[in-house]
Ligand code: GAL
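The following block contains the structure:
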């Protein structure tokens with residue numbers, strides 16, 4: 055599709071025919087380019103087993119097509135209709151405590167159920183055959199947010215599939231016993247038939263089994279995606295994708311393994327007001343999505359115009375916020391901005407979820423902001439296809455997330471994502487653009503690599519980081535990194551095992567802190583959560599604890615390793631402390647900031663392509679700001695002769711060019 059597309063989910067099944075024409079007319083007014091339909095369509099298009107009725111979907115697709123709107127067509131399999139769960143209750147998911155989850159919500163199916171798979175693929179076959187060649191179909195949307203609710207299923211079908219997965223991974227039961235360390239607590243298996251999913255037990259569960267179950271569960275859903283995609287590809291040449299949930303509260307899917315299977319990477323993002331800094335998390339998610347897309351443009355498949363309905367407190371967006379959120383995604387690589395959903399539902403669990411057309415109708419500030427977004431995206435058309443170039447990489451790993459946040463760890467308050475977010479926030483406050491990439495990525499093009507809490511890391515990926523530094527790179531590693539291998543086995547000889555030599559330090563014991571306790575460093579920063587009994591071997595000591603359980607012990611070190619430099623941060627520095635440390639690392643590495651330092655309220659990101667360059671300046675703050683840039687404002691067309699004024703809460707996008 056040309057330009058930056060604007061789109062939405064259209065759940066027309068919730069509305070009588072009289073509303074459809076009005077909806078499509080309004081979509082034209084709003085400049086909607088792409089509409090997702092049939093996302094929850096199963097009960098409508100297969101009202102009874104094997105009886106298909108496409109009449110309404112045909113009508114809607116024709117209506118959209120006649121109005122020049124392209125279609126993002128759902129396979130419709132995300133939620134089985136009641137006739138299916140009634141006839142086949144064995145497809146229902148089972149929780150870790152062994153209880154079955156009832157239908158009545160959505161996604162009530164076990165990812166490993168052969169019965170569900172058979173019914174779902176039969177539906178996809180019908181949909182793909184009917185619409186595979188339809189000229190309006192721009193994209194296929196497999197299921198919906200696979201694994202949002204049902205990622206971990208502990209029923210018998212899952213147990214069987216888990217065993218088959220383990221046979222493929224380990225080949226022999228001896229290898230599995232070794233990997234899971236089953237000599238401990240008399241857990242040794244004599245055959246795969248004895249292995250179960252890690253259902254709730256009386257005590258702590260086997261951590262190797264837990265992490266493998268996460269891997270298996272991610273693979274099981276990816277396998278479902280592949281099966282649906284294969285049907286679509288037999289009938290259609292349109293691109294195929296599904297909507298990822300790169301977000302703070304879903305961690306079940308290792309999207310590094312999923313991304314290569316997507317024709318275009320798409321993400322759903324909602325501001326999460328349970329977090330300390332939702333705006334920073336939005337930027338992080340966008341950068342991680344760009345990482346998943348291999349740096350190429352990606353789609354924002356869902357966001358909200360205002361409040362959602364599923365957080366404890368569902369905050370509305372203040373004027374300008376929706377525009378800022380949208381353009382932050384675009385600044386960080388999105389070439390389309392889509393929303394859930396078109397018209398606010400009158401009924402159902404999402405009736406208080408915001409939408410492009412609110413309950414109050416179109417004489418509303420919300421609707422006017424949608425129109426403004428539409429005009430803005432049209433003006434940004436030439437940005438489409440350009441990419442973001444960063445000099446800093448932050449490593450991100452779903453496996454480390456699983457392994458860090460597992461049972462039986464030094465501190466339940468050390469949460470992987472918190473540590474990654476802390477590092478990201480600091481970089482963002484420095485005005486520096488970062489890529490978020492997988493461990494194992496070729497790091498040679500980055501001036502600085504940040505390795506936050508990379509607790510679980512393979513020998514190869516650790517070696518890649520160590521070699522990057524030895525070859526002249528700069529790295530910052532934070533605590534609890536490099537501790538275990540992919541089998542969750544501790545690397546012997548002192549922490550942080552995989553990076554000990556590269557960092558020039560060794561720790562003999564962790565000293566986590568109680569909640570509410572804080573330590574002070576001799577340099578003045580404070581820290582919480584974590585300290586460790588660290589000794590510098592070859593590193594120089596940058597800062598020490600002034601108090602707490604380990605006074606005088608190194609807290610921050612810097613090492614020369616080969617041609618490069620590596621920092622180790624052995625504690626959870628406060629935000630300013632981490633920012634100060636990263637500022638030193640950024641400067642030492644010669645990283646050029648894209649924007650000014652701020653408290654996070656100003657974001658400046660550049661997209662480039664060929665000889666074109668666009669600067670996005672997003673001002674989340676309450677003060678007007680000025681940013682040095684020369685070129686032309688893409689929205690107003692005005693010349694920007696060296697200094698751009700960006701009002702409080704505004705966003706401006708400038709094509710950089712010499713002014714004649
Ligand atoms: C997503 C989902 C949508 C809608 C939305 C509400 O998880 O894909 O169908 O439920 O959240 O925020």
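Numbering (this note's numbering), first residue to last: 55 to 714. The beta carbon of each residue, even a glycine, is placed where N, CA and C say it ideally should be.
Inset, instruction - Put residue 608 into one of helix, strand or coil per three-state DSSP. - result: Stepping through the chain shown from its first residue, residue 608 is reached at position 554. Strand, per DSSP.
Legend entry - Segment limits, beta strand (DSSP E) that includes residue 619: Against the chain shown, residue 619 aligns to sequence position 565. That run of the beta strand (DSSP E) goes 618–623.
Inset, instruction - Would you grab the beta carbon distance between residue 58 and residue 431 for me? Rounded to a whole angstrom, and I think it's under 8 Å. - result: Within the chain shown, residue 58 is the residue found at index 4, counting from 1. Within the chain shown, residue 431 is the residue found at index 377, counting from 1. Sure, about 4 Å apart at Cβ, within 8 Å.
Legend entry - Boundaries (first-last residue) of the beta strand (DSSP E) holding residue 194: Taking the first residue of the chain shown as 1, we reach residue 194 at position 140. DSSP places residue 194 in the uninterrupted beta strand (DSSP E) bounded by 191–195.
Legend entry - Exposed unless 16 or more other CB atoms sit within 10 angstroms - verdict on residue 617: Translated into positions along the chain shown, residue 617 becomes position 563. Classification of residue 617: exposed, given that the 10 Å Cβ count is below 16.
Legend entry - Beta-carbon separation (whole angstroms), residue 393 vs residue 410, contact threshold 8 Å: One-based indexing of the chain shown puts residue 393 at position 339. One-based indexing of the chain shown puts residue 410 at position 356. Contact between residue 393 and residue 410 holds: CB atoms are separated by about 6 Å, below the 8 Å threshold.
Inset, instruction - Confirm, please, whether the CB-CB distance from residue 592 to residue 625 is below 8 Å. - result: Working through the chain shown from its first residue, we reach residue 625 at position 571. Working through the chain shown from its first residue, we reach residue 592 at position 538. Not a contact, by the Cβ cut-off of 8 Å.
Inset, instruction - Grab me the residues of residue 280's own chain with a C-beta within less than 8 Å of its C-beta, minus the 5 sequence neighbours each way, in chain order. - result: Taking the chain shown and counting its residues from 1, one reaches residue 280 at position 226. If you ignore the 5 residues before and after residue 280, its C-beta comes within less than 8 Å of the C-beta of 315, all in its own chain and listed in chain order.
Legend entry - alpha helix (DSSP H) runs contained entirely in the stretch 203–257, provided each spans 4 or more residues: Taking only runs of at least 4 residues, the alpha helix (DSSP H) segments lying wholly in the stretch 203–257 are 210–224, 227–234.
Inset, instruction - Flag residue 199 as yes when its Cβ comes closer than 7 Å to any non-hydrogen atom of the ligand GAL, and as no otherwise. - result: Here residue 199 refers to the residue found at position 145 when the chain shown is read from its first residue. At least one heavy atom of the ligand GAL is nearer than 7 Å to the Cβ of residue 199, so yes.
Inset, instruction - Please go through the same chain and pick out, in chain order, the residues whose beta-carbon is closer than 6 Å to the beta-carbon of residue 24, but skip the five residues on each side of it. - result: Missing from the structure shown is residue 24; the chain here goes from 55 to 714 and no further.
Inset, instruction - In the DSSP assignment, find the unbroken alpha helix (DSSP H) run with residue 363 in it and report its ends. - result: Locating residue 363 in the chain shown gives position 309, counting from the first residue. Looking at the DSSP string, residue 363 is not in any alpha helix (DSSP H), and its letter there is neither H nor E.
Legend entry - C-beta contact flag for residue 128 and residue 90 at 8 Å: Taking the chain shown and counting its residues from 1, the one referred to as residue 128 is at position 74. Taking the chain shown and counting its residues from 1, the one referred to as residue 90 is at position 36. Against a cut-off of 8 Å, the Cβ pair of residue 90 and residue 128 comes out as a contact.
Inset, instruction - Compare the Cα-Cα distances from residue 229 to each of 296, 163, 262 and report the closest residue. - result: Sequence index remark: in the chain shown, residue 229 carries index 175 (1-based). When each option's Cα is compared against that of residue 229, the closest is 262.
Inset, instruction - Taking only the alpha-carbon atoms, compute the straight-line gap between residue 588 and residue 242 and give it to the nearest angstrom. - result: Along the chain shown, one-based indexing puts residue 588 at 534. Along the chain shown, one-based indexing puts residue 242 at 188. In a straight line, the C-alpha of residue 588 is about 36 Å away from that of residue 242.
Inset, instruction - Using the Cα positions of residue 523 and residue 330, report the straight-line distance between them to the nearest angstrom. - result: Residue numbering aside, residue 523 sits at position 469 when the chain shown is read from its first letter. Residue numbering aside, residue 330 sits at position 276 when the chain shown is read from its first letter. Approximately 33 Å between the Cα atoms of the pair.
Inset, instruction - Return the Cβ separation of residue 61 and residue 88 in integer angstroms, given the expectation that the two are a contact with Cβ distance under 8 Å. - result: The sequence position of residue 61 within the chain shown is 7, counting from 1. The sequence position of residue 88 within the chain shown is 34, counting from 1. Confirmed, Cβ separation roughly 3 Å.
Legend entry - Secondary structure, alpha helix (DSSP H): runs of 4+ residues fully inside the stretch 366–414: Unbroken alpha helix (DSSP H) stretches of 4 residues or longer found wholly inside the stretch 366–414: 375–385, given in chain order.
Inset, instruction - Please look up how many angstroms separate the CB atoms of residue 221 and residue 238, rounded, as I've assumed it's under 8 Å. - result: For the purposes of this step, residue 221 is taken as residue 167 along the chain shown, with counting starting at 1. For the purposes of this step, residue 238 is taken as residue 184 along the chain shown, with counting starting at 1. Their Cβ separation, rounded to whole angstroms, is 22 Å, which puts residue 221 and residue 238 out of contact at 8 Å.
Legend entry - Cβ-based neighbour list, residue 93, same chain, cut-off 8 Å, excluding 5 preceding and 5 following: The residue you call residue 93 lines up with position 39 of the chain shown. Within the same chain, residue 93 has close Cβ partners 63, 65, 128, 130, 132, 195, 198.
Legend entry - Nearest neighbour of residue 611, chosen from 494, 530, 710 [CA to CA]: By one-based count along the chain shown, residue 611 stands at place 557. Proximity to residue 611 across 494, 530, 710 peaks at 530, based on C-alpha coordinates.
Legend entry - For residue 146 and residue 633, the rounded distance between their alpha carbons: For the purposes of this step, residue 633 is identified with residue 579 of the chain shown, where counting begins at 1. For the purposes of this step, residue 146 is identified with residue 92 of the chain shown, where counting begins at 1. Rounded to whole angstroms, residue 633 to residue 146 spans 47 Å at the Cα level.
Legend entry - Of the residues 233, 304, 533, 478, the one placed nearest residue 654, counting alpha carbons only: To locate residue 654, count along the chain shown from 1; it is residue 600. Cα-wise, what sits closest to residue 654 is 478.
Legend entry - residue 532, buried or exposed, once every other Cβ within 10 Å from all chains shown has been counted against 16: Start at 1 with the first residue of the chain shown, and residue 532 comes out as number 478. It is buried - the Cβ of residue 532 has at least 16 other Cβ atoms within 10 Å.
Inset, instruction - Determine the contact status of residue 253 and residue 152, defining contact as a CB-CB distance below 8 Å. - result: By one-based count along the chain shown, residue 253 stands at place 199. By one-based count along the chain shown, residue 152 stands at place 98. Yes, the pair counts as a contact, with Cβ atoms nearer than the cut-off.
Legend entry - Where the alpha helix (DSSP H) containing residue 117 begins and where it ends: Residue mapping note: residue 117 aligns to position 63 of the chain shown, counting from 1. Counting along the chain, the alpha helix (DSSP H) containing residue 117 begins and ends at 109–120.
Inset, instruction - Just tell me which of 335, 148, 660, 387 has its CA closest to the CA of residue 165. - result: As a first step, residue 165 is located in the chain shown; it is residue number 111 there, counting from the start. When only C-alpha atoms are compared, the closest one is 148.
Inset, instruction - Report all residues from its chain with a CB closer than 6 Å to the CB of residue 543; omit the five preceding and five following residues, and keep chain order. - result: Here residue 543 refers to the residue found at position 489 when the chain shown is read from its first residue. Its chain contains no residue whose beta carbon lies nearer than 6 Å to that of residue 543 once the 5 sequence neighbours on both sides are disregarded.
Inset, instruction - Pull up the DSSP beta-bridge partners for residue 695, would you. - result: Counting from one through the chain shown, the residue named residue 695 turns up at place 641. DSSP, once it has assigned bridges, lists 684 as partnering residue 695.
Inset, instruction - Give a yes or no on whether the C-beta atoms belonging to residue 36 and residue 56 are separated by under 8 Å. - result: Here the chain covers residues 55 to 714 and nothing more, so residue 36 does not appear.
Legend entry - Per-residue DSSP class, three states only, for residue 556: By one-based count along the chain shown, residue 556 stands at place 502. If DSSP states are grouped into helix, strand and coil, residue 556 belongs with the helices.
Legend entry - For residue 321 and residue 352, believed in contact at Cβ under 8 Å, the rounded distance: Position 298 of the chain shown, counting from 1, holds the residue named residue 352. Position 267 of the chain shown, counting from 1, holds the residue named residue 321. So it is a contact: roughly 7 Å between Cβ atoms.
Inset, instruction - Within its chain, find whatever has a CB closer than 7 Å to the CB of residue 369; leave out the 5 residues flanking it on each side and keep chain order. - result: The sequence position of residue 369 within the chain shown is 315, counting from 1. The answer, listed in chain order, is 327, 361.
Inset, instruction - Over the uninterrupted alpha helix (DSSP H) stretch that includes residue 352, give me the two end residues. - result: The count along the chain shown starts at 1 and reaches residue 352 at position 298. Unbroken run through residue 352 is the beta strand (DSSP E), 352–356; no alpha helix (DSSP H).
Inset, instruction - Answer yes if the stretch 433–452 comes into contact with the stretch 295–313, meaning at least three C-beta pairs across the two stretches below 8 Å, and no otherwise. - result: The stretch 295–313, when compared against the stretch 433–452, does touch it at the 8 Å Cβ threshold.
Inset, instruction - Return yes when the C-beta of residue 105 is under 7 Å from any heavy atom of the ligand GAL, and no when it is not. - result: Taking the first residue of the chain shown as 1, we reach residue 105 at position 51. The answer is no for residue 105.
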